[in-house]
Amino acid sequence: MRNPFRSEVEAFHFLLLTVVAAAAVALASLLGGPWAGVPTWAAVTGAAALLYLRRGQVERSVRTAPAHVGAEDERRILVVANETLAEVSLAEEIERAAAGYRKQVRVVCPALTSPVRHWVSDLDGARAQAQQRLDQTLSQLHAVGIEAQGEIGDEDPLRAIEDVLRTFGADEIIISTRPEGRSNWLERHVVTRARERLALPITHIVIDTESRS
Amino acid sequence: MRSRATRLSPQPWPWVGRPRVLIEHPDDSAGLALASILRQAGYAVAVCPGPEESEHCPLTGPEGCAVAHGADVVVSSLGFERPEAREVLQALRLRRPETPLIVEIPPGDTAEWQDVLEGCDVIVSPVVPEELVACVRAALAKSHPEPAT
Chain A
1021 MRNPFRSEVE AFHFLLLTVV AAAAVALASL LGGPWAGVPT WAAVTGAAAL
1071 LYLRRGQVER SVRTAPAHVG AEDERRILVV ANETLAEVSL AEEIERAAAG
1121 YRKQVRVVCP ALTSPVRHWV SDLDGARAQA QQRLDQTLSQ LHAVGIEAQG
1171 EIGDEDPLRA IEDVLRTFGA DEIIISTRPE GRSNWLERHV VTRARERLAL
1221 PITHIVIDTE SRS
Chain B
169 MRSRATRLSP QPWPWVGRPR VLIEHPDDSA GLALASILRQ AGYAVAVCPG
219 PEESEHCPLT GPEGCAVAHG ADVVVSSLGF ERPEAREVLQ ALRLRRPETP
269 LIVEIPPGDT AEWQDVLEGC DVIVSPVVPE ELVACVRAAL AKSHPEPAT
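In the order they appear, the protein sequences are chains A and B.
Each position in the first sequence, counted from 1, maps to that position plus 1020 in our numbering.
Each position in the second sequence, counted from 1, maps to that position plus 168 in our numbering.
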């Protein structure tokens, strides 16, 4: 079961709001009869949904970055991507980012899922697909001489990045997406938000498979 | 008076195990360049642009700033000519007196700002990487002295 709350503070706020909302509905029902509670309930639910949707839009202006880990001649590259991961361009970009250094590559595949599946904690299918993409990518990178390790990440790519950074200490991040208009991540401003949040070099590569075919 | 609320994650410093340095620099690329120098030296860093014109840093307001409060060292390149920047320095001194504060100062006479700079370490701009690392290291050593054996 996935916990939708990021912290105890969020859980406490949720509890507090639930109590307030229930009190508002009960009060409306008491004062205006049973049917008066219905529009109150609808208004409260709508306000809660709006708050939830706006929650991820406010970003902090402070950027953070982990310390460099490993030897001085080592470069740690974190690759974050969705279904565009299995591409030759990615290998080229990794080679560029690690040129002149010994490279350590970590690939993270966020388990992409829909909001509905997220809320009902139905993540098994998303994780299985992400594992499949990850295996394919690691074997393709291995085929071109790049040894990488990988893991499945949170369905929120930003959270997936921060999760990996806690243990990996990347020196550079490569985010691979589809082109504008066909990329869900670009619509959600994932790359922009990553740049706003992290004090690390971030390379965004756009892979347009349809125009090449 | 307007205030800018800055939402912080519950754990703004997830990079445990390394000293944490907060860099306050109004210039985006210059702040990231300083961050890169300190990262390579083994420090976890955060970069904050500080208060914008006519706005106030959350550090100076009732909400406070979790990143500043969690930092082991603060490097401020905000300057101290602007009142907003001076407020940040004063808030850091007041709220985190035990946290070393390194202030980047312009070359030349800074006598008139002595009251603002009291209790701070200074580094003269332009900042030289080796000097910055040495300054941070010295500030950390001063605030966290090695136990006598």
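In this text, a Cβ means the ideal position worked out from N, Cα and C, and glycines have one as well.
Item to check | Contacts around residue 1233(A), its chain only, beta-carbon distance under 8 angstroms, and the 5 residues preceding and following it disregarded | outcome: Reading the first sequence from its first residue, position 213 is the one you call residue 1233(A). With a pLDDT of only 39 at residue 1233(A), under 50, the local geometry of the prediction cannot be trusted, and no value is derived from it.
Checklist entry - Can you name the residues of chain A whose CB is closer than 7 angstroms to the CB of residue 305(B)? => result Along the second sequence, read from residue 1 onward, the residue named residue 305(B) stands at position 137. At a beta-carbon threshold of 7 angstroms, none of the residues of chain A lie near residue 305(B); the nearest stands roughly 14 angstroms away.
Checklist entry - Ordered along the chain, which non-local residues of its own chain (more than five positions away) have a Cβ less than 6 angstroms from that of residue 1221(A)? => result As a first step, residue 1221(A) is located in the first sequence; it is residue number 201 there, counting from the start. For residue 1221(A), where only same-chain residues beyond five positions count, the Cβ hits under 6 angstroms are 1192.
Checklist entry - Can you find a CB in chain B that lies within less than 8 angstroms of the CB of residue 1088(A)? => result Along the first sequence, read from residue 1 onward, the residue named residue 1088(A) stands at position 68. So yes, residue 1088(A) belongs to the interface.
Checklist entry - How close, in whole Å, do the beta carbons of residue 241(B) and residue 270(B) come, if the pair is a contact with beta carbons under 8 angstroms? => result Here residue 241(B) refers to the residue found at position 73 of the second sequence. Here residue 270(B) refers to the residue found at position 102 of the second sequence. Contact annotation, residue 241(B) with residue 270(B): C-beta distance approximately 7 angstroms; criterion of less than 8 angstroms satisfied.
Checklist entry - Would a check of beta-carbon distances place residue 313(B) closer than 8 angstroms to chain A? => result Taking the second sequence and counting its residues from 1, one reaches residue 313(B) at position 145. No, residue 313(B) does not count as interfacial toward chain A.
Checklist entry - Closest Cβ-Cβ distance between residue 1210(A) and chain B: below 8 angstroms? => result Indexing the first sequence from 1 puts residue 1210(A) at position 190. Residue 1210(A) is outside the set of residues whose beta carbon lies under 8 angstroms from a beta carbon in chain B.
Checklist entry - CA-CA distance, residue 297(B) and residue 188(B)? => result Taking the first residue of the second sequence as 1, we reach residue 297(B) at position 129. Taking the first residue of the second sequence as 1, we reach residue 188(B) at position 20. Going by C-alpha positions, residue 297(B) is about 17 angstroms away from residue 188(B).
Item to check | Best match in 295(B), 239(B), 209(B) for proximity to residue 260(B) [C-alpha to C-alpha] | outcome: Stepping through the second sequence from its first residue, residue 260(B) is reached at position 92. The shortest C-alpha separation from residue 260(B) is found at 239(B).
Next on the checklist: Here's the rule I'm using: 16 or more other beta-carbon atoms within 10 Å means buried, otherwise exposed. How should residue 1274(A) be labelled?
Outcome noted: The first residue shown for chain A is 1021 and the last is 1233, placing residue 1274(A) beyond what the model contains.
Checklist entry - Across which residues does DSSP place residue 1130(A) in a beta bridge pair? => result Numbered from its first residue, the first sequence carries residue 1130(A) at position 110. Looking at the DSSP assignment, residue 1130(A) forms a beta bridge with 1173(A).
Item to check | chain A contact residues for residue 215(B), given Cβ-Cβ distances below 9 angstroms | outcome: Taking the first residue of the second sequence as 1, we reach residue 215(B) at position 47. Ordered by position in chain A, the residues that pass the 9 angstroms Cβ test against residue 215(B) are 1082, 1083, 1084, 1085, 1219.
Checklist entry - Are residue 1088(A) and residue 305(B) close, meaning C-beta to C-beta below 8 angstroms? => result Residue numbering aside, residue 1088(A) sits at position 68 when the first sequence is read from its first letter. Residue numbering aside, residue 305(B) sits at position 137 when the second sequence is read from its first letter. Here residue 1088(A) is not near residue 305(B), since their CB atoms are 8 angstroms or more apart.
Item to check | Residues that residue 200(B) contacts on chain A, provided the C-beta gap is smaller than 8 angstroms | outcome: Your numbering for residue 200(B) matches position 32 in the second sequence. Within chain A, the residues near residue 200(B) are 1083, 1219.
Checklist entry - The alpha helix (DSSP H) spanning residue 1153(A) covers which residue range? => result As a position in the first sequence, residue 1153(A) is number 133, starting the count at 1. Element bounds for residue 1153(A): 1144-1163.
Item to check | Residues that residue 264(B) contacts on chain A, provided the C-beta gap is smaller than 9 angstroms | outcome: The residue labelled residue 264(B) in the question sits at position 96 within the second sequence. Residue 264(B) does not reach chain A, its nearest Cβ partner there being about 15 angstroms away, counting only Cβ pairs nearer than 9 angstroms.
Checklist entry - Can you tell which of 1069(A), 1070(A), 1041(A) has its C-alpha closest to the C-alpha of residue 1060(A)? => result Translated into positions along the first sequence, residue 1060(A) becomes position 40. Of 1069(A), 1070(A), 1041(A), the residue nearest in Cα terms is 1041(A).
Item to check | Local conformation of residue 963(A) per DSSP, three classes | outcome: The structure shown does not extend to residue 963(A), since chain A is modelled only from 1021 to 1233, so the question has no answer here.
Checklist entry - Among 1147(A), 1120(A), 1124(A), which one has its Cα closest to the Cα of residue 1132(A)? => result Within the first sequence, numbered from 1, the residue matching residue 1132(A) stands at position 112. Residue 1147(A) is the option with its Cα nearest to residue 1132(A).
Checklist entry - Which chain A residues are close to residue 239(B), counting only those with a beta carbon under 9 angstroms from its beta carbon? => result Position 71 of the second sequence holds residue 239(B). Within chain A, no C-beta atom comes less than 9 angstroms from the C-beta of residue 239(B); the nearest is roughly 10 angstroms away.
Checklist entry - Just the Cα atoms here: how many angstroms apart are residue 256(B) and residue 237(B)? => result Walking along the second sequence from the start, residue 256(B) turns up at place 88. Walking along the second sequence from the start, residue 237(B) turns up at place 69. One Cα belongs to residue 256(B), the other to residue 237(B), and the distance between them is close to 13 angstroms.
Checklist entry - Which whole runs of the alpha helix (DSSP H) in the region 226-298 of chain B are 4 residues long or more, in chain order? => result DSSP runs (the alpha helix (DSSP H)) wholly in the region 226-298 of chain B: 234-238, 251-263, 282-285.
Checklist entry - Quick one: is residue 229(B) near chain A, going by C-beta distance under 8 angstroms? => result As a working mapping, residue 229(B) is identified with position 61 in the second sequence. No, no contact with chain A.
Item to check | Cross-chain neighbours of residue 186(B) in chain A, by beta carbon under 7 angstroms | outcome: Looking up residue 186(B) in the second sequence gives position 18. By Cβ distance, chain A contributes 1087.
Item to check | Range of the contiguous alpha helix (DSSP H) that encloses residue 190(B) | outcome: What you label residue 190(B) is simply residue 22 of the second sequence in a count that begins at 1. Note, residue 190(B): premise wrong, no alpha helix (DSSP H); beta strand (DSSP E) at 188-192.
Checklist entry - With residue 217(B) and residue 194(B) assumed to form a contact (beta carbons below 8 angstroms), what rounded beta-carbon distance in angstroms separates them? => result In the second sequence, the residue the question calls residue 217(B) occupies position 49. In the second sequence, the residue the question calls residue 194(B) occupies position 26. Taking a contact as a CB-CB distance under 8 angstroms, the pair residue 217(B) and residue 194(B) counts as one, their CB atoms being some 6 angstroms apart.
Checklist entry - Is the beta carbon of residue 1170(A) sitting closer than 8 angstroms to the one on residue 1211(A)? => result Start at 1 with the first residue of the first sequence, and residue 1170(A) comes out as number 150. Start at 1 with the first residue of the first sequence, and residue 1211(A) comes out as number 191. Cβ atoms of residue 1170(A) and residue 1211(A): not closer than 8 angstroms.
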